[in-house]
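Those protein sequences? They're chains A and B, same order as listed.
The first sequence begins at 50 in the numbering used here and counts up by one.
The second sequence begins at 663 in the numbering used here and counts up by one.
No residue lacks a Cβ here, since even glycine has one placed at the ideal position from N, Cα and C.
Below is one structure, written out as structure tokens; the observations come after it.
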Amino acid sequence: MDPSQQPSPSNSNQEPLWREEFSIFTADERYVSRRQMTKFLTLTSLSMFAGNLWLLARSLFAKRGAAFPEAAIAKVGEIPVGGVKLFQYAGEQCILVRITDTSYAAYSQKCTHLSCAVYYEKEQNRLECPCHEGYFSIQDGSVLAGPPTRPLPKVTLDQRGAELIAIGMSGGEG
Amino acid sequence: MFGYEFYIDPSRCIGCQSCVKACEECETHRGVSMINFDYIDRTNTIATGAYVCFHCDEPTCAMVCPADAIKKGEDGIVQSALKPRCIGCSNCVLACPFGIPKLVIEREQMMKCDMCYDRTSVGKRPMCATVCPSGALLYATPEQVARTRREKPNNVFYFGSQRITTKVFMMAPAERDFVSIDIADYMSEENDGPFTTA
Numbered sequence: 050m051d052p053s054q055q056p057s058p059s060n061s062n063q064e065p066l067w068r069e070e071f072s073i074f075t076a077d078e079r080y081v082s083r084r085q086m087t088k089f090l091t092l093t094s095l096s097m098f099a100g101n102l103w104l105l106a107r108s109l110f111a112k113r114g115a116a117f118p119e120a121a122i123a124k125v126g127e128i129p130v131g132g133v134k135l136f137q138y139a140g141e142q143c144i145l146v147r148i149t150d151t152s153y154a155a156y157s158q159k160c161t162h163l164s165c166a167v168y169y170e171k172e173q174n175r176l177e178c179p180c181h182e183g184y185f186s187i188q189d190g191s192v193l194a195g196p197p198t199r200p201l202p203k204v205t206l207d208q209r210g211a212e213l214i215a216i217g218m219s220g221g222e223g
Numbered sequence: 663m664f665g666y667e668f669y670i671d672p673s674r675c676i677g678c679q680s681c682v683k684a685c686e687e688c689e690t691h692r693g694v695s696m697i698n699f700d701y702i703d704r705t706n707t708i709a710t711g712a713y714v715c716f717h718c719d720e721p722t723c724a725m726v727c728p729a730d731a732i733k734k735g736e737d738g739i740v741q742s743a744l745k746p747r748c749i750g751c752s753n754c755v756l757a758c759p760f761g762i763p764k765l766v767i768e769r770e771q772m773m774k775c776d777m778c779y780d781r782t783s784v785g786k787r788p789m790c791a792t793v794c795p796s797g798a799l800l801y802a803t804p805e806q807v808a809r810t811r812r813e814k815p816n817n818v819f820y821f822g823s824q825r826i827t828t829k830v831f832m833m834a835p836a837e838r839d840f841v842s843i844d845i846a847d848y849m850s851e852e853n854d855g856p857f858t859t860a
């Protein structure tokens, strides 16, 4: 066999990255010293601490009670007792429930656990999150059972004549 | 290391298997011999060959290892699979063109010749080379070999299209610059190969 016809041995410059990082030659292995590791851990935890401080400062100085727009969301009598209507308010998907003939309640539909959409369970008269079986009170949005720890943000409603107006949103932020 | 190189000359092997026994005696792997001892075409000849690892410059065994367990040190020695990493998959056993690595089932680890690393790294000769009575396994300086041997030390091998250069030298006829083996000859199950099954 003529060696000139043989393909040349693999060029080390064309090695894939994983081969560089896990070299078969001990001389090319990339070891991390204890000092490097300690430095990395210290700097990483310091930067995470600084990030948390920034988040804390931002929430402390954030404007409280920012003005919510008013939005007509439904007409009185538009939905039957026990019926629901979904609507958008302040960038959130919300759910309006007619609990009794005269009382309405509206909440953000985003579960405070992992943001699944909650729905109204008519027989139990409560809001349910199907993902992990979180239950919220229809009266004030507080947690009845399940993994969520914070109540659902409640949309404040105002009845003006024959129209239901959303005038604000509260709770659920803590 | 220390100016010495390893030379293998199968034509001098007398089949005494001293190297096999000497290798087994080593306390780093007692009872398991790392010598690759071959009967060459046993039906027709008494010729034998004893081989140690050739310690390739680009070791195929290490390149195919999925667990990053086989390492080649700066001194050119390809070590046995690292015990904490070896998963016993036998990739190296199948890939090595010289057939050197062996999977030791009881230890769930690939073990191969490391040229007696405990000895050669401090300037001693490997166990097999110290006991070989015929010089088939020789650990000597290149000058010594040039002075005492007719054959030409050779460390370039062709297996099909794979070119392999090694740390260990194989003694070849003086007129040859490389050793070439057409692996297709050994893959055929017909009776036209060098080893017939009949």
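Inset, instruction - List the residues of chain A that residue 829(B) touches, going by C-beta distances under 9 Å, in chain order. - result: Your numbering for residue 829(B) matches position 167 in the second sequence. What residue 829(B) touches in chain A: nothing, since even the nearest Cβ is about 13 Å away.
Inset, instruction - Alpha carbon to alpha carbon, how far is residue 803(B) from residue 703(B)? Give it in angstroms, no decimals. - result: Along the second sequence, one-based indexing puts residue 703(B) at 41. Along the second sequence, one-based indexing puts residue 803(B) at 141. Each residue's Cα considered, the two are about 32 Å apart.
Legend entry - Cutoff 6 Å; reference residue 777(B); Cβ partners in own chain excluding five residues on either side: The residue you call residue 777(B) lines up with position 115 of the second sequence. Cβ within range, chain order: 739, 788.
Inset, instruction - Go ahead and label residue 767(B) buried or exposed: buried means 16 or more other beta carbons lie within 10 angstroms of its beta carbon, across all protein chains shown. - result: Working through the second sequence from its first residue, we reach residue 767(B) at position 105. Exposed is the call here.
Inset, instruction - For residue 155(A), go through chain B and note every residue whose CB falls closer than 9 Å to its CB, in chain order. - result: Your numbering for residue 155(A) matches position 106 in the first sequence. Within chain B, no residue comes near residue 155(A); the closest Cβ sits about 57 Å away, beyond 9 Å.
Inset, instruction - For the segment 164-173 of chain A and the segment 130-150 of chain A, state whether three or more C-beta atom pairs, one from each stretch, are separated by less than 8 Å. - result: yes
Legend entry - Extent of the continuous alpha helix (DSSP H) run through residue 88(A): Counting from one through the first sequence, the residue named residue 88(A) turns up at place 39. Looking at the DSSP string, the run of the alpha helix (DSSP H) that includes residue 88(A) is 83-110.
Legend entry - Proximity below 9 Å, CB of residue 685(B) to CB of residue 796(B): For the purposes of this step, residue 685(B) is taken as the residue at position 23 of the second sequence. For the purposes of this step, residue 796(B) is taken as the residue at position 134 of the second sequence. No, Cβ-Cβ distance for residue 685(B) and residue 796(B) is not below 9 Å.
Inset, instruction - Anything in the segment 73-89 of chain A with a Cβ closer than 7 Å to a Cβ of chain B? List those residues in chain order, please. - result: 73, 74, 75, 76
Inset, instruction - Thinking residue 721(B) and residue 734(B) are a contact (beta carbons under 8 Å), I'd like their distance in whole angstroms, please. - result: Start at 1 with the first residue of the second sequence, and residue 721(B) comes out as number 59. Start at 1 with the first residue of the second sequence, and residue 734(B) comes out as number 72. With 8 Å as the limit, residue 721(B) and residue 734(B) qualify as a contact, their Cβ atoms being about 6 Å apart.
Legend entry - residue 55(A) at chain B interface by Cβ criterion, 9 Å: Translated into the one-based positions of the first sequence, residue 55(A) becomes position 6. Only weak support is given to the placement of residue 55(A): the predicted model assigns it a pLDDT of 43, under 50, and the value that follows is read from those uncertain coordinates. Yes, contact with chain B.
Inset, instruction - Could you please give the first and the last residue of the uninterrupted beta strand (DSSP E) stretch that includes residue 815(B)? - result: On the second sequence, residue 815(B) is found 153 positions in, with the first residue counted as 1. Residues 814-821.
Inset, instruction - Would you give the residue range spanned by the beta strand (DSSP E) that residue 219(A) belongs to? - result: The residue labelled residue 219(A) in the question sits at position 170 within the first sequence. Counting along the chain, the beta strand (DSSP E) containing residue 219(A) begins and ends at 212-219.
Inset, instruction - Identify whether residue 725(B) lies in helix, strand or coil by the three-state DSSP scheme. - result: Within the second sequence, numbered from 1, the residue matching residue 725(B) stands at position 63. Residue 725(B) falls in the helix class under three-state DSSP.
Legend entry - Helix, strand or coil at residue 152(A) [DSSP, three-state]: Here residue 152(A) refers to the residue found at position 103 of the first sequence. DSSP places residue 152(A) in coil when its eight states are reduced to three.
Inset, instruction - Have a look at residue 819(B) and residue 669(B) and give me their C-alpha separation to the nearest angstrom. - result: Counting from 1 along the second sequence, the entry for residue 819(B) is found at position 157. Counting from 1 along the second sequence, the entry for residue 669(B) is found at position 7. Their backbone Cα atoms lie some 15 Å apart in a straight line.
Legend entry - Same chain, Cβ closer than 6 Å to residue 672(B), five either side skipped, listed in chain order: On the second sequence, residue 672(B) is found 10 positions in, with the first residue counted as 1. Around residue 672(B): 711.
Inset, instruction - Ignore the nearest five residues each way along the sequence and tell me which others in residue 813(B)'s own chain have a CB closer than 8 Å to its CB. - result: Walking along the second sequence from the start, residue 813(B) turns up at place 151. Excluding residues within five positions, the ones whose Cβ falls inside 8 Å are 671, 673, 833, 834, 835, 836.
Legend entry - Span separating the alpha-carbon of residue 97(A) from that of residue 719(B): Here residue 97(A) is taken as the residue at index 48 of the first sequence, counted from 1. Here residue 719(B) is taken as the residue at index 57 of the second sequence, counted from 1. Roughly 46 Å separates the two Cα atoms.
Inset, instruction - Rank 826(B), 753(B), 821(B) by C-alpha distance to the C-alpha of residue 846(B) and give the top, closest one. - result: Taking the first residue of the second sequence as 1, we reach residue 846(B) at position 184. Residue 846(B) has its Cα closest to that of 821(B), out of 826(B), 753(B), 821(B).
Legend entry - Spatial neighbours of residue 214(A) in its chain, beta-carbon cut-off 6 Å, leaving aside the 5 residues before and after: Reading the first sequence from its first residue, position 165 is the one you call residue 214(A). Around residue 214(A): 119, 121, 207.
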